[in-house]
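> Quick one: this structure, given as structure tokens, is what I'll be asking you about.
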Amino acid sequence: MSLIKGIEWVDFSSRLTCLSIVTLSDMQNNPDSHLAFFAERTEDLVYRLRISPDGTPEVLYISRSVRSILGYDPAEFYQNPSLLFSLLPPEERGLFLTIDGGEVECVWPLSLIRKDGNIRFIETKNVIHRDPVSGYFIVEGIGRDRTEERQKESDLRSRDRILEATSYMASELLTGKEWLDRIKGAIGRLGGAANASRAYLYQMNSGSPRLSAHLVAEWAADGVKAGSPPYLDEKDFEGSVEAIFSGMTIGGPLGALGPFGLTALRASPDLRSILIVPIAVQGMVSAVIGFDECRYDRVWSSSEVLALETAARIIGAAMEGEAHRHALMQSESRFQRLFQQAPLGMVIADHDLRITDLNPAFLTMTGYTAPDLIGRTFRDITHPDDLPGNEAGIQELTRGVLDHYRIQKRYIRKDGGEIWTQTDVAPFRVKGGLGYIAMIEDVTLRRQAEERLSESEEMHRSFLQHFQGIVYRSIEGEPVFLHGAVLEITGYTPEEIKTGNPLWESLIHPADLAHIRSRYAALYATPGDRFDEDYRIIIRDGRVRWVHEMLQHRIGGDGRLMIEAAIYDITDRHRMEEELSRSNEKLNLLQSVTRHDILNQVMMISAYTSLLSDSITDTECSRYCAEMERAIDRIRDIAGFTYDYQSVGLNGPVWQDLDAVVRRAFMIRDPESVALEMDPGGYGIYADPLLEKVFYNLIDNSRKHGGEGISRIMITCIEDDGDLCILCEDDGAGFDPTLIPSLFLNGKREGSGLGLLLIREILSITGISIEALPSQMGGAGFRIRVPHDRWRKEIYITPPAS
Numbered sequence: 019m020s021l022i023k024g025i026e027w028v029d030f031s032s033r034l035t036c037l038s039i040v041t042l043s044d045m046q047n048n049p050d051s052h053l054a055f056f057a058e059r060t061e062d063l064v065y066r067l068r069i070s071p072d073g074t075p076e077v078l079y080i081s082r083s084v085r086s087i088l089g090y091d092p093a094e095f096y097q098n099p100s101l102l103f104s105l106l107p108p109e110e111r112g113l114f115l116t117i118d119g120g121e122v123e124c125v126w127p128l129s130l131i132r133k134d135g136n137i138r139f140i141e142t143k144n145v146i147h148r149d150p151v152s153g154y155f156i157v158e159g160i161g162r163d164r165t166e167e168r169q170k171e172s173d174l175r176s177r178d179r180i181l182e183a184t185s186y187m188a189s190e191l192l193t194g195k196e197w198l199d200r201i202k203g204a205i206g207r208l209g210g211a212a213n214a215s216r217a218y219l220y221q222m223n224s225g226s227p228r229l230s231a232h233l234v235a236e237w238a239a240d241g242v243k244a245g246s247p248p249y250l251d252e253k254d255f256e257g258s259v260e261a262i263f264s265g266m267t268i269g270g271p272l273g274a275l276g277p278f279g280l281t282a283l284r285a286s287p288d289l290r291s292i293l294i295v296p297i298a299v300q301g302m303v304s305a306v307i308g309f310d311e312c313r314y315d316r317v318w319s320s321s322e323v324l325a326l327e328t329a330a331r332i333i334g335a336a337m338e339g340e341a342h343r344h345a346l347m348q349s350e351s352r353f354q355r356l357f358q359q360a361p362l363g364m365v366i367a368d369h370d371l372r373i374t375d376l377n378p379a380f381l382t383m384t385g386y387t388a389p390d391l392i393g394r395t396f397r398d399i400t401h402p403d404d405l406p407g408n409e410a411g412i413q414e415l416t417r418g419v420l421d422h423y424r425i426q427k428r429y430i431r432k433d434g435g436e437i438w439t440q441t442d443v444a445p446f447r448v449k450g451g452l453g454y455i456a457m458i459e460d461v462t463l464r465r466q467a468e469e470r471l472s473e474s475e476e477m478h479r480s481f482l483q484h485f486q487g488i489v490y491r492s493i494e495g496e497p498v499f500l501h502g503a504v505l506e507i508t509g510y511t512p513e514e515i516k517t518g519n520p521l522w523e524s525l526i527h528p529a530d531l532a533h534i535r536s537r538y539a540a541l542y543a544t545p546g547d548r549f550d551e552d553y554r555i556i557i558r559d560g561r562v563r564w565v566h567e568m569l570q571h572r573i574g575g576d577g578r579l580m581i582e583a584a585i586y587d588i589t590d591r592h593r594m595e596e597e598l599s600r601s602n603e604k605l606n607l608l609q610s611v612t613r614h615d616i617l618n619q620v621m622m623i624s625a626y627t628s629l630l631s632d633s634i635t636d637t638e639c640s641r642y643c644a645e646m647e648r649a650i651d652r653i654r655d656i657a658g659f660t661y662d663y664q665s666v667g668l669n670g671p672v673w674q675d676l677d678a679v680v681r682r683a684f685m686i687r688d689p690e691s692v693a694l695e696m697d698p699g700g701y702g703i704y705a706d707p708l709l710e711k712v713f714y715n716l717i718d719n720s721r722k723h724g725g726e727g728i729s730r731i732m733i734t735c736i737e738d739d740g741d742l743c744i745l746c747e748d749d750g751a752g753f754d755p756t757l758i759p760s761l762f763l764n765g766k767r768e769g770s771g772l773g774l775l776l777i778r779e780i781l782s783i784t785g786i787s788i789e790a791l792p793s794q795m796g797g798a799g800f801r802i803r804v805p806h807d808r809w810r811k812e813i814y815i816t817p818p819a820s
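Everything in the sequence shown is counted per my numbering, starting at 19 for the first residue and increasing by one.
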């Protein structure tokens, strides 16, 4: 048995969130890393799970935002790694058993039980891969709490359903059916529209010595027992009947309704929430509509309550009309007054379609007065082009094919202008046959906005038709925009590419596919990231074209994630670059041969000089031979420099792991008794592939010129106003401060060779500068300044070139 009910709602709008892949050690052992900084400051839920063989997720990492979202402390998940599994509803716990291998991205909407027992709806994006050591699946992802959005969306949908049911109910209550059948149909339609477990109507007993009411009609959802008490008596319900008929809407979970809630629970043990809406007849509360919820504690939204109160007023008007059946005109007048303040236009017509009544809202939107329109038909003020559709709808209503119909049509205003409307028409019984009631919404501004948008899109399409490249956009993973010279570049139509037949990745040349796919994966997982890349595609006729793609991952104004790309055909440019490269190769070959011949001759001169030195006993001549040998060594150094300098800029810059580059350079030089101290902080540098030679030469320079007292070389990184400063210092002998301005100029310091000049040239390829400065350790120091767009915290990194 029951009295009534209220609502909990969920709104879950689809917005793609951000997912970054990182190892557990990155997040726990390196709290200064970019991802850890993000994970512990975002309101979203960042986590890393290990999936056990039985499908149970074990929490390896979870961000502090879990406190506000689920009410738990991160430590509780670390103490009980399977806690997350217990927070899933039973019907969702098999989700992790569906993981079947391979690195994949997936979106999971999850329902999680908060510590206080409420359900939170979390939208997640995940990357799944297999741990190469344990073989377990690792799920790394980020989730956003969509509960409030889902509640708002559910609230609006529920309100619209109730209003639609109210509109239909209003026409049904005016039909010639038996009153009890009409009221039962109305209660059933309202209960279903409100998604309640039960709905019912109680009417107050007139002339009774005690306040009481009897059950008029009831409805129950499938699988729910009705069983409402046939009578509500003040004595039996301990003052609750007085509250029910107080004229106020009462609703919410029973626990929040005090003694009234306890009384309702005793009457209906399965009841969780209740909503009671009063029905006034002739200004007095004479009935109530009740709604029960038996599934969960439901909080009814204000818009749902207002919609149901509107329905109650309509039922009240219908009850009033039923009580005064023989005074139809008075009843119609009261029904009309009910809608006088409606924001939508209302028009009532007789069986001849002549207007008998209308409300102020319709007069305002059309500019007419009531005398202008009373007695006229809709044909007199409808745009001629819209009459056929309007006539067809009326005929189907008259024949009973439809119980109501909707049309978008234009009305002619009194001043000759036009307004676009959305008109809903339903029939009802009047003397002489059918009458019609129309509800009219002015949608002129919306139509104009749609037309302007259409014109803008047409201009955009015209521009794109003449665009020589391809532009593409996807929102939350769904393609929404693909235009440009798709057919000209690929040989496939835009529709084929957009629908994934073929997939764009299938066009990428096999030799480039692995690299481009890894770049895609890194970008998709990092909102705000972007990349430019040249690669080959195989077009429809089998030919190979070179394209340049600019791709970015960004967050739109509405918070959804989107991918935007522009692709250009650079086949001709690449062909010219290849021709230029072949020319350079020929020049480099000539230079190499020439250098080799010179070194052979230098070797012969060195040999003869050595023999000559051994046979000379004169001191002055011996000194001349020594100078000749030093000159020969200098020639060898210059030849070696030309070999290294020849390689500068030969290959394009790449992202390189600073830590790995420095440590390889140190191991190659391997200065004995010198320790390397390094704290690079996980940085990546965009530089020429010869970046390793920069640090090799700096380490070699410290070893050669640091003296016997050198014992340490230290590399540190400092972020300075957007740039990255890399300090390379030693505790050796250092250098004369007066020589600092000229250290990178050839031949300015004895024994310096050409290494520092080569360092400067390698770094300058990508706009990186270097300067000498005294070391804080007492020896020599160098500061390398990397511009803001040439460094980043490393999460994804291109393997460094040797």
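Quick reminder that beta carbons are idealized off the backbone N, C-alpha and C, glycines included.
Is the beta carbon of Arg730 sitting closer than 8 Å to the one on Glu695?
Result yes, Cβ atoms of Arg730 and Glu695 sit closer than 8 Å.
> Between Glu414 and Leu420, what straight-line distance do the alpha-carbon atoms span, to the nearest angstrom?
Taking the straight line joining both Cα atoms gives about 6 Å.
> Assuming Gly334 and Ile297 form a contact by the criterion Cβ under 8 Å, report the distance between their Cβ atoms to the nearest whole angstrom.
Confirmed, Cβ separation roughly 4 Å.
> Would you list the residues sitting across from Met732 in a DSSP beta bridge?
DSSP output for Met732 lists Glu695, Glu747 as bridge partner(s).
> Is the beta carbon of Asp552 closer than 8 Å to that of Trp564?
Against a cut-off of 8 Å, the Cβ pair of Asp552 and Trp564 comes out as a contact.
> When you compare only the Cα positions, how much space is there between Ala456 and Ala444?
So the alpha carbons of these two residues sit roughly 7 Å apart.
> With DSSP collapsed to three states, give me the class of Leu283.
Helix, per DSSP.
> Mind checking who Ala235 pairs with in its DSSP beta bridge?
Per DSSP, Leu219.
> Going straight from the alpha carbon of Glu409 to that of Ser172, what length do you get?
Spanning the two alpha carbons is a distance of roughly 36 Å.
> Which of helix, strand or coil does DSSP assign to Asn377?
Three-state result, Asn377: coil.
> Gln300: which of Ala341, Glu311, Lys811 sits nearest, CA to CA?
For the residues Ala341, Glu311, Lys811, the minimum Cα distance to Gln300 belongs to Ala341.
> Using C-beta distances below 7 Å, list every residue in its chain close to Gly89, excluding the 5 sequence neighbours before and after it, in chain order.
Answer for Gly89: Arg132, Lys133, Asp134, listed in chain order.
> Decide if Ile736 is buried, meaning its Cβ has at least 16 other Cβ atoms within 10 Å, or exposed.
Result: exposed.
> My output table needs one value for Met477: the three-state DSSP class, helix, strand or coil.
Three-state DSSP puts Met477 in a helix.
> Which of the three DSSP states is assigned to Ile117 in this structure?
Looking at Ile117 - three-state DSSP - the assignment turns out to be coil, as it is neither helix nor strand.
> Should Cys643 and Ile653 be called a contact, given that it needs their Cβ atoms to be closer than 8 Å?
No, the Cβ-Cβ distance between Cys643 and Ile653 is not below 8 Å.
> Got a sec: is the Cβ-Cβ distance from Pro71 to anything in chain D below 8 Å?
No chain D appears in the structure shown, which is made up of a single protein chain.
> Report the residue from Gln440, Gly699, Arg803 whose alpha carbon sits nearest the alpha carbon of Lys427.
Nearest C-alpha to Lys427: Gln440.
> Would DSSP call Ile307 helix, strand or coil?
DSSP places Ile307 in strand when its eight states are reduced to three.
> Return the CA-CA distance between Gly765 and Asn719, expressed in angstroms with no decimal places.
With a pLDDT of 47 at Gly765, under the threshold of 50, the modelled position of this residue cannot be trusted; read the value that follows with caution. Their backbone Cα atoms lie some 15 Å apart in a straight line.
> Could you say if the segment 178-194 and the segment 163-170 meet the contact criterion of at least three C-beta pairs nearer than 8 Å?
Contact fails: fewer than three Cβ-Cβ distances are below 8 Å.
> Going along the chain, which residues of its own chain have a beta-carbon closer than 7 Å to the beta-carbon of Gly725, five neighbours each way excluded?
These residues qualify, in order along the chain: Gly750, Ala751.
> Which of helix, strand or coil does DSSP assign to His401?
Of the three classes helix, strand and coil, the one that applies to His401 here is coil, per DSSP.
> If distances are taken between C-alpha atoms only, which option among Asp550, Gly560, Glu494 comes closest to Ser524?
Closest by alpha carbon: Gly560.
> Should Ser81 go down as buried or exposed, given a rule of 16 or more other Cβ atoms within 10 Å for buried?
Counting Cβ neighbours within 10 Å, Ser81 comes out buried, since at least 16 surround it.
> Where does Ser524 sit, in a helix, a strand or coil, going by DSSP?
Here Ser524 sits in helix by DSSP.
> In whole angstroms, what is the alpha-carbon distance linking Thr517 and Gly265?
Taking the straight line joining both Cα atoms gives about 58 Å.
> Could you give the residue range of the beta strand (DSSP E) that holds Glu566?
Sequence check: residue 566 is His here, not Glu. Start and end: 562-573.
> Let me confirm a value: Gln674 is counted as buried when at least 16 other C-beta atoms fall within 10 Å, else exposed. Which label applies?
It counts as buried.
> Got a sec? Which residues, its chain only, sit under 6 Å from Ser624 by beta carbon, not counting five neighbours each side?
Taken in chain order, the residues that qualify are Ile650.
> In angstroms, rounded to a whole number, what distance separates the CA positions of Asp288 and Ser215?
Distance between the alpha carbons of Asp288 and Ser215 is about 10 Å.
> With 16 other CB atoms within 10 Å as the buried threshold, where does Ser291 fall?
The residue in question, Ser291, is buried, as its Cβ has 16 or more Cβ neighbours within 10 Å.
> What does the Cβ neighbour count give for Tyr65, buried or exposed, with the cut at 16 atoms within 10 Å?
It is buried - the Cβ of Tyr65 has at least 16 other Cβ atoms within 10 Å.
> Just mark Glu475 as buried or exposed, buried being the case when its beta carbon has 16 or more other beta carbons within 10 Å.
So Glu475 counts as exposed.
> Out of Val303, Ser321, Leu272, which one is the CA nearest neighbour of Asp310?
Residue Leu272 is the option with its Cα nearest to Asp310.
> Cβ of Pro71 versus every heavy atom of the ligand FAD: is any distance shorter than 7 Å?
Questions concerning the ligand FAD fall outside what the structure shown contains, since it holds no ligand whatsoever.
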